[in-house]
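Residue numbers (the working numbering): 271 to 447.
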Amino acid sequence: MEQYLVVSILGPNNIGILNSISAHIKKHHCWIVRSHVTVLGTAFGMLLQINGKWNHIAKLETSFDTLAKKYDFAIRTLRCNPTAYSERLITYSVDIITTQRPEIIPTLSQFFMRQKINISDMHCESFAARLTATEMLSLTMKIHIPADISLADLREEFINLCDELNLDAVMEPERGI
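Listed below in structure tokens is the structure:
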């Protein structure tokens with residue numbers, strides 16, 4: 271029986287670290303089914319969803335202590351099941367560009383939480399505006415909207431919120447490949 275393991279890894283950024291970790295996972299007869307890897311300053315972070323037979327997952331899970339000591343990582347693991355949605359959901363993508371302000375992400379997350387909409391993925395990055403060097407924020411989210419929510423009402427409330435916060439935003443259905 272296959273099982274899933276979620277692994278978060280934080281550590282110093284070194285060239286080849288992704289290769290070392292993925293080879294370690296393969297050595298234990300498991301594979302990465304979903305991942306987010308990023309360099310943050312001189313550090314890096316990984317969030318991995320790993321699949322494998324229960325006995326291979328168990329051995330991999332216990333082997334991470336040795337890997338953490340070898341590479342000076344902080345590693346956390348959590349057993350999980352594949353995502354099973356019990357209701358009909360519509361997946362939308364939200365893209366936002368705005369000036370960097372601390373209230374943006376908490377306000378948006380609160381808005382979607384009040385609507386009972388799950389944010390399943392979020393990526394944000396700060397950058398300097400080309401001409402003015404103003405600190406800007408680029409934010410992309412994937413949200414799952416219950417099918418019984420009025421999309422017209424949601425869109426209107428979202429546009430009103432974006433106007434209040436002075437956000438340049440687009441919310442559109444995610445298109446399949």
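Idealized CB from N, CA, C, for every residue including glycine.
- DSSP places E357 in no alpha helix (DSSP H); its state is neither H nor E.
- With contacts defined by Cβ atoms closer than 7 Å, Y362 and I413 form a contacting pair.
- If only complete runs of 3 or more residues are kept, the segment 384-430 shows the beta strand (DSSP E) at 388-398, 405-416, in order along the chain.
- Within the segment 304-385, the complete beta strand (DSSP E) runs of at least 3 residues fall at 313-323, 344-350, 359-369.
- Spatial neighbours of L318 in its own chain (CB-CB distance under 6 Å, excluding positions within 5 residues in sequence) are listed in chain order as V277, I302, S305.
- Here the C-alpha atom of A398 lies approximately 11 Å from the C-alpha atom of S408.
- Pairing V440 with T368, the inter-Cα distance amounts to about 12 Å.
- With a 10 Å radius around the Cβ and a threshold of 16 neighbouring Cβ atoms, V309 comes out exposed.
- Pairing I366 with L437 gives a Cβ-Cβ distance under 7 Å.
- L348 and T404 have their C-alpha atoms spaced approximately 40 Å apart.
- Boundaries of the beta strand (DSSP E) around L280: 272-282.
- A direct Cα-Cα distance of roughly 7 Å separates P352 from Y274.
- Taking a contact to require three or more Cβ pairs closer than 8 Å, the segment 321-337 and the segment 380-391 do not qualify as touching.
- Ranked by how close their Cα comes to the Cα of G315, the residues E373, V364, M406, G281 have G281 in first place.
- Rounded to whole angstroms, the Cβ separation of E373 and G322 is 42 Å, and the two are not in contact under 8 Å.
- Annotated as proximal: T312 and N283, with beta-carbon spacing under 7 Å.
- Counting of Cβ neighbours within 10 angstroms places H326 among the buried residues, the total reaching 16 or more.
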